[in-house]
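Enquirer: Quick note on this note's numbering: the sequence shown kicks off at 1068 and runs consecutively. First the structure, which I've put down as structure tokens, then a few questions once you've had a look.
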Amino acid sequence: EEDVALLGGEGLELDEDGQPLALPVLAVVGRPNVGKSTLVNRILGRREAVVEDKPGVTRDRVSYPAEWAGRRFTLVDTGGWEVDVAGIEARVAEQAEVAISLADAVLFVVDATVGPTATDERVVRLLRKSGKPVVLCANKVDGPRVEADAAELWSLGLGEPHPVSALHGRGTGDLLDAAMAALPTESQHGVARPGGPRRVALVGRPNVGKSSLLNKVLGTNRVVVDDVAGTTRDPVDELVELKGVPYWFVDTAGIRRRVHQTSGADFYASLRTQAAIEKAEVAVVLLDASNPLTEQDTRVIQQVIDAGRALVIAYNKWDLMDEDRRPYLEREIEKELVQIQWAPRVNISARTGWHTDRLVPAITRSLDSWDTRVPTGRLNAFLGELVAAHPHPLRGGKQPRILFATQASTRPPRFVIFASGFLEAGYRRFIERRLRETFGFEGTPISISVRVRE
Ligand code: GDP
Ligand code: GDP
1068 EEDVALLGGE GLELDEDGQP LALPVLAVVG RPNVGKSTLV NRILGRREAV VEDKPGVTRD
1128 RVSYPAEWAG RRFTLVDTGG WEVDVAGIEA RVAEQAEVAI SLADAVLFVV DATVGPTATD
1188 ERVVRLLRKS GKPVVLCANK VDGPRVEADA AELWSLGLGE PHPVSALHGR GTGDLLDAAM
1248 AALPTESQHG VARPGGPRRV ALVGRPNVGK SSLLNKVLGT NRVVVDDVAG TTRDPVDELV
1308 ELKGVPYWFV DTAGIRRRVH QTSGADFYAS LRTQAAIEKA EVAVVLLDAS NPLTEQDTRV
1368 IQQVIDAGRA LVIAYNKWDL MDEDRRPYLE REIEKELVQI QWAPRVNISA RTGWHTDRLV
1428 PAITRSLDSW DTRVPTGRLN AFLGELVAAH PHPLRGGKQP RILFATQAST RPPRFVIFAS
1488 GFLEAGYRRF IERRLRETFG FEGTPISISV RVRE
């Protein structure tokens, strides 16, 4: 019996050293209406289809935890996104390109009853260019009579087409077996191993000033061109020396590339953000101080927390702030970000460069917390005192006892508490708060899971 309480961070798979393992990413790619969403629902085992009939409906989430044959992976879903009827080809290609860049392997879905179209061929070219493993899904093969149609997809040159009916479930097992064979055991985009320069992502909704800040940082600091030993250079990342220490700024190409302000723009922005966060160890989330906090801002912050990365909040455009309004604004900010008081906050101006030198100390603090390990002895002494002073409330005459706790991993810190019964969510939050008060953890999400032992 296991009761997992995750406070600011999803469960992470751990490797033998207790380091979080980056799960491999499988992206589902294809033209609209070929059945991507239907297939994703089937893979996730969702009974109710989330296939949206309403045009223009966009989903917040793009990736989902999935499992097949005992292997865990991340499924990236590009289905259900409205594509402009005009310029449909370009949109599909752009969508596919972003998804492919995120992926370790691609599940390419084609409608077997229609056969390969010009748009399909375009995606095929992108897939070839990427060099990533591809599994070809010939969808809508609802019965044996349509199997000949599936065989025609050999002509795409991607190898064996797997005949599938996403709607009825036919062939999906074989398809997933093939996908698992193509998928590496660990993501190639995962967290950098200790040793190399630390990886920083600049993220935030469009127009908060990401590219301005990037230009400021690159313009006023030494950009390292020599390869650092033991690191592989990804052309979309940039190595910058800040206060004598090299840092990777990840996905700088994505920051520079403007997202078109058309339908689905949020989706691309969201995908890119996710890709950058996953590559990074610490994310600097930029917010626009001259505008109220939006849902999109909090969503980006949540993406960082869910990914278990270290976090720094940077309030940009502070130059636009009226001196008189500042104290009021500071209070507003405290209220808005009450859930993440643990994240260091810096007020900056990317335009003037004001206080941008405060970013590095904040990044360092957050990464230090992210790496922190509390020795088991200290942790249990702390919990012993805490529980003695504030026991878990009695429920139905029973009181769960905390037996033992240990920190299972760092990056981010992840604690496991063994208890004699279920610990209420409120009490777990209380423990998290006291953990933070006692051990710091400024700038890192932490997770606490509870295992019940009779
Ligand atoms: P997406 O735009 O690629 O995500 O496609 P959807 O999953 O929304 O599916 C488009 C349409 O095709 C829907 O009406 C589905 O019910 C239908 N569809 C999906 N998979 C199958 C299938 O295997 N067989 C049949 N006959 N229809 C399917
Ligand atoms: P991105 O979409 O997040 O990359 O944002 P940009 O860097 O393109 O900035 C969007 C707009 O905000 C541009 O017009 C910038 O000149 C402006 N901007 C960015 N940073 C600042 C700042 O610190 N102060 C002011 N006043 N404007 C800024």
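We put the CB at the ideal spot given by N, CA and C, even for glycine. Note that this is a predicted model, so its numbers are computed, not measured.
Does ligand 1 have even one heavy atom less than 6 angstroms from the beta-carbon of threonine 1239?
Expert: Checking every heavy atom of ligand 1 against the Cβ of threonine 1239, none is found closer than 6 angstroms.
Enquirer: Can a CB atom of chain B be found closer than 7 angstroms to the CB of arginine 1265?
Expert: The structure shown has no chain B; it contains just one protein chain.
Enquirer: Starting from the C-beta of phenylalanine 1449, find all residues in its chain whose C-beta is less than 7 angstroms away, skip the five residues before and the five after it, and write them out in chain order.
Expert: Cβ neighbours of phenylalanine 1449 beyond the five flanking positions: Thr1505.
Enquirer: State yes or no: is the C-beta of valine 1101 nearer than 6 angstroms to some heavy atom of ligand 1?
Expert: Checking the Cβ of valine 1101 against ligand 1 gives yes.
Enquirer: For phenylalanine 1508, count neighbouring Cβ atoms within 10 angstroms of its own Cβ and tell me buried if that reaches 16, exposed if not.
Expert: Its Cβ being crowded by 16 or more others within 10 Å, phenylalanine 1508 is buried.
Enquirer: Please report the residue range of the beta strand (DSSP E) in which asparagine 1414 lies.
Expert: Its beta strand (DSSP E) spans residues 1412-1414.
Enquirer: Closest by CA to alanine 1268, which one among Val1208, Trp1409, Arg1398 and Val1379?
Expert: If we check each option's Cα against that of alanine 1268, Val1379 comes out closest.
Enquirer: Which of helix, strand or coil does DSSP assign to asparagine 1358?
Expert: Looking at asparagine 1358 - three-state DSSP - the assignment turns out to be coil, as it is neither helix nor strand.
Enquirer: Check each candidate in Leu1090, Thr1180, Phe1175 and Val1143 and name the one with the smallest Cα separation from glycine 1224.
Expert: The shortest C-alpha separation from glycine 1224 is found at Phe1175.
Enquirer: Decide if asparagine 1383 is buried, meaning its Cβ has at least 16 other Cβ atoms within 10 Å, or exposed.
Expert: That one is buried.
Enquirer: Exposed or buried, serine 1222, counting other C-beta atoms within 10 Å across all chains shown (16 or more means buried)?
Expert: Exposed is the call here.
Enquirer: Could you give the first and the last residue of the continuous beta strand (DSSP E) run that contains isoleucine 1515?
Expert: Start and end: 1514-1519.
Enquirer: Taking DSSP's pairing of strands, which residues face phenylalanine 1506 in a bridge?
Expert: According to DSSP, which records beta bridges pairwise, phenylalanine 1506 is partnered with nothing at all.
Enquirer: Determine the direct distance from the alpha carbon of leucine 1396 to that of valine 1413, and round the result to whole angstroms.
Expert: Near 14 angstroms, if we compare the C-alpha coordinates of leucine 1396 and valine 1413.
Enquirer: So serine 1279 is in the alpha helix (DSSP H); what residue range does that whole segment cover?
Expert: Start and end: 1277-1287.
Enquirer: Would you mind giving the Cβ-Cβ distance between leucine 1446 and glutamine 1474, rounded to the nearest angstrom? I have them listed as a contact below 8 angstroms.
Expert: Going by Cβ atoms, the distance from leucine 1446 to glutamine 1474 rounds to 6 angstroms, so yes, they are a contact pair.
Enquirer: How long is the line joining the alpha carbons of valine 1173 and valine 1231, rounded to whole angstroms?
Expert: Roughly 16 angstroms separates the two Cα atoms.
Enquirer: Could you tell me the alpha carbon to alpha carbon distance between histidine 1459 and isoleucine 1515, rounded to whole angstroms?
Expert: The alpha-carbon atoms of histidine 1459 and isoleucine 1515 are separated by roughly 16 angstroms.
Enquirer: At a cut-off of 6 angstroms, would you count alanine 1417 as near ligand 2, judging by its Cβ distance to the nearest heavy atom?
Expert: Yes, since a heavy atom of ligand 2 falls inside the 6 angstroms radius drawn around the Cβ of alanine 1417.
Enquirer: Strictly by DSSP, which residues pair up with arginine 1139?
Expert: In DSSP, arginine 1139 forms a bridge with Glu1134.
Enquirer: Determine the DSSP secondary structure at glutamate 1499, reduced to helix, strand or coil.
Expert: It is helical.
Enquirer: Starting from aspartate 1178 and walking both ways along the alpha helix (DSSP H), at which residues does that stretch end?
Expert: Counting along the chain, aspartate 1178 falls outside any alpha helix (DSSP H), though it belongs to the beta strand (DSSP E) covering 1172-1178.
Enquirer: I need the DSSP call for valine 1071, collapsed to helix, strand or coil.
Expert: With a pLDDT of 34 at valine 1071, under the threshold of 50, the modelled position of that residue is not reliable, and no figure is offered here.
Enquirer: The beta strand (DSSP E) that contains asparagine 1108, what's its start and end?
Expert: Careful: asparagine 1108 lies outside any beta strand (DSSP E), inside the alpha helix (DSSP H) at 1103-1111.
Enquirer: If I follow the unbroken alpha helix (DSSP H) through valine 1317, where does it start and stop?
Expert: Neither: valine 1317 is in no alpha helix (DSSP H) and is coded neither H nor E.
Enquirer: By the 10 Å Cβ neighbour count, where 16 or more other Cβ atoms means buried, how is alanine 1336 classified, buried or exposed?
Expert: Counting Cβ neighbours within 10 Å, alanine 1336 comes out buried, since at least 16 surround it.
Enquirer: Can you give me the start and stop residues for the alpha helix (DSSP H) that isoleucine 1407 sits inside?
Expert: Isoleucine 1407 -> no alpha helix (DSSP H), and no H or E assigned at all.
Enquirer: Does DSSP put threonine 1511 in a helix, a strand or coil?
Expert: Coil.
Enquirer: Quick check on threonine 1361: buried or exposed, where buried means 16 or more other Cβ atoms within 10 Å of its Cβ?
Expert: Exposed, by the Cβ-count rule.
Enquirer: I'd like to know if the region 1363-1379 and the region 1428-1442 are in contact, where contact means that at least 3 CB-CB pairs between them fall below 8 angstroms.
Expert: Contact between the region 1363-1379 and the region 1428-1442 is present, because at least three Cβ pairs lie under 8 angstroms.
Enquirer: Please classify tryptophan 1385: is it buried, with 16 or more other beta-carbons within 10 angstroms of its beta-carbon, or exposed?
Expert: Looking at its Cβ environment, which holds 16 or more other Cβ atoms inside 10 Å, tryptophan 1385 is buried.
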